[in-house]
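Residue 541 is where the sequence shown starts when you use the numbering used here, and the numbers rise one by one after that.
Idealized CB from N, CA, C, for every residue including glycine.
Since the model is a prediction, treat every value here as computed from it, not as a measurement.
Written out below as structure tokens is the structure these notes cover.
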Amino acid sequence: MSEIFNAMGNTVKSLKKEIRDQMLGRRNRMSQRKKALYDHAVCDVLWRLVEQKEIQSVHTYLPMGSEVDIVPFIAQCLAHRVTVVVPQTLSDRQFKNLELSSLQALEQGVFGTSYPSGNRVYKGHYDLIIVPGLACDGNRSRLGYGGGYYDTFLAHHPKTRKMGLFYPFQRIGRVPTEDHDVQLDEILILGMPR
Numbered sequence: 541m542s543e544i545f546n547a548m549g550n551t552v553k554s555l556k557k558e559i560r561d562q563m564l565g566r567r568n569r570m571s572q573r574k575k576a577l578y579d580h581a582v583c584d585v586l587w588r589l590v591e592q593k594e595i596q597s598v599h600t601y602l603p604m605g606s607e608v609d610i611v612p613f614i615a616q617c618l619a620h621r622v623t624v625v626v627p628q629t630l631s632d633r634q635f636k637n638l639e640l641s642s643l644q645a646l647e648q649g650v651f652g653t654s655y656p657s658g659n660r661v662y663k664g665h666y667d668l669i670i671v672p673g674l675a676c677d678g679n680r681s682r683l684g685y686g687g688g689y690y691d692t693f694l695a696h697h698p699k700t701r702k703m704g705l706f707y708p709f710q711r712i713g714r715v716p717t718e719d720h721d722v723q724l725d726e727i728l729i730l731g732m733p734r
């Protein structure tokens, strides 16, 4: 019986890898003009959400590669004294969550990530957690890069609003999931600019 579960687990893992490779390739081939327009629109939607919900603390990612670029949104949060916390990726699928005070004072981390210099660990609560990803579905399942970092982190914040940012082509029929995968509360996908 355990061989059946192992085979099923291997099938899910290989399917996830295939989807990751496809989506990363598609994202990397996006038109820079369309990507910039889309990213700007996402930043506008996020800022309106912060204003409407009076959000005071946001845990978010610093974009790398072809992820949705939310640096303008982060800058707006900092300018309006919204607490911004970003992860420093550690070993063992863990984050060290650091308060960001400036987009100029960053250090390079593992896997192409950046994190704030200064090591001011944030111990408070989050009103909103924003995550990147490679694919999502209508059930609010998310496929990340495969390290399990966000699933581990999100599992510790079950009551905090969790939002994933994606491009329209990243929405697929069904994301293959495993027991440790954490479902999001919201998926933000806008129409693609022409």
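The alpha carbon of Leu-646 has as its nearest neighbour, out of Asn-637, Gly-658, Ile-595, Tyr-662, the alpha carbon of Gly-658.
Around Glu-726, the same chain offers Met-703 as residues with beta carbons nearer than 6 Å, after the five sequence neighbours per side are excluded.
Within the same chain, Cβ atoms closer than 6 Å to the Cβ of Leu-555 are found at Pro-716, the five residues on either side in sequence being excluded.
Straight-line spacing of the CA atoms in Tyr-662 and Ile-614 works out to 16 Å. At least 8 Å separates the beta-carbon of Leu-638 from that of Ile-669. In this structure His-696 is exposed. Its beta-carbon is surrounded by fewer than 16 other beta-carbon atoms within 10 angstroms. DSSP places Gln-572 in the uninterrupted alpha helix (DSSP H) bounded by 572 to 592. Assignment of beta strand (DSSP E) within the region 677 to 710, counting only whole runs of 3 or more residues, yields 701 to 705 in chain order.
For Glu-647, the beta-bridge partners assigned by DSSP are Tyr-655. Per DSSP, reduced to three states, the secondary structure at Ser-641 is coil, with no helix or strand assignment. Val-622 sits in coil when the DSSP states are folded into three classes, being neither helix nor strand.
A distance below 8 Å separates the beta carbons of Asp-579 and Val-608. Within the model, the alpha-carbon separation for Gln-644 versus Phe-651 is close to 20 Å. Remark: C-beta atoms of Leu-674 and Tyr-689 do not approach each other more closely than 8 Å.
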